[in-house]
Amino acid sequence: MKGKELAQMVLSGSRMVVSFLAPVLNKEVYLEPGMKGRLAGISDRDDEIFMLQIDLSEFDEFNKQFESANYFDKNGNACLTARQAGYYKSPKEEIYIGYDEEIDFLEIDGADRFALYEEYVKSGSGLHYVQWLEDRILAREKQWSS
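Every letter in the sequence shown is one number past the one before it in the numbering used here, and letter 105, counting from 1, is 115.
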């Protein structure tokens, strides 16, 4: 999935739960592989980049187990997590994403539920998503009744 497809899903009002994968380590964020969050919104930065907003609050306790000790104590030893070092202040995170960037650092939990949405996006329909779904259901009902 490309960044623009993810942006469309978030802009449609979908507040999906996501799990973060190893490539998230390439982003300058608190997030680590295995953590979970809920996509909360986006904001445009320019024509090529947007900021993805992630709410971690409902997964705060769950995510603690994935925090790695990659912060240094006063003796120079990497033995503190971001939380222990005082760098984790908020259960919210923001990630810069390019519209044409391949999204390889997260996966949508229950992605099979969003297969229809992806089909809707690819259709280029000018209809609202719910209306598009209703039209599909009506068309199938007509096929079955024939």
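Glycine included, each C-beta is placed from N, C-alpha and C at the ideal position. Being a predicted model, the structure only gives us computed values, none of them experimental.
N-terminal and C-terminal residue of the alpha helix (DSSP H) that residue i is part of
i	result
A149	139-155
F72	70-74
M19	13-21
K132	125-133
Cβ-Cβ separation, residue j to residue i (assumed contact under 8 Å), whole Å
i	j	result
V28	K46	7 Å
Y109	A50	Contact flag wrong, Cβ pair sits at about 19 Å.
L143	F30	Contact doesn't hold; Cβ gap of about 29 Å is too wide.
G106	T91	It is Tyr, not Gly, that sits at residue 106 in the sequence shown. Not a contact, Cβ separation roughly 23 Å.
E112	K12	6 Å
Of the listed residues the options, nearest to residue i (C-alpha basis)
i	options	result
E71	W142, I147, V140, G44	G44
Y40	N85, Y98, K132	Y98
G23	Y127, A149, S155	Y127
F69	C89, K84, P101, Q94	P101
Y130	D145, D119, G120, I118	D145
F76	A32, D57, I118, D114	A32
Classification of residue i by the beta-carbon crowding that lies within 10 angstroms, buried from 16 upward
i	result
F60	buried
L137	exposed
I147	exposed
N36	exposed
N87	exposed
G134	exposed
N73	buried
V34	buried
Beta carbon of residue i nearer than 8 Å to that of residue j
i	j	result
I52	E103	no
R25	R48	yes
S78	E38	no
For residue i, the first and last residue of its enclosing beta strand (DSSP E)
i	result
E112	From DSSP, E112 is part of no beta strand (DSSP E); its letter is neither H nor E.
A79	First-last for A79: undefined, no H or E at that position.
S53	46-54
A88	88-90
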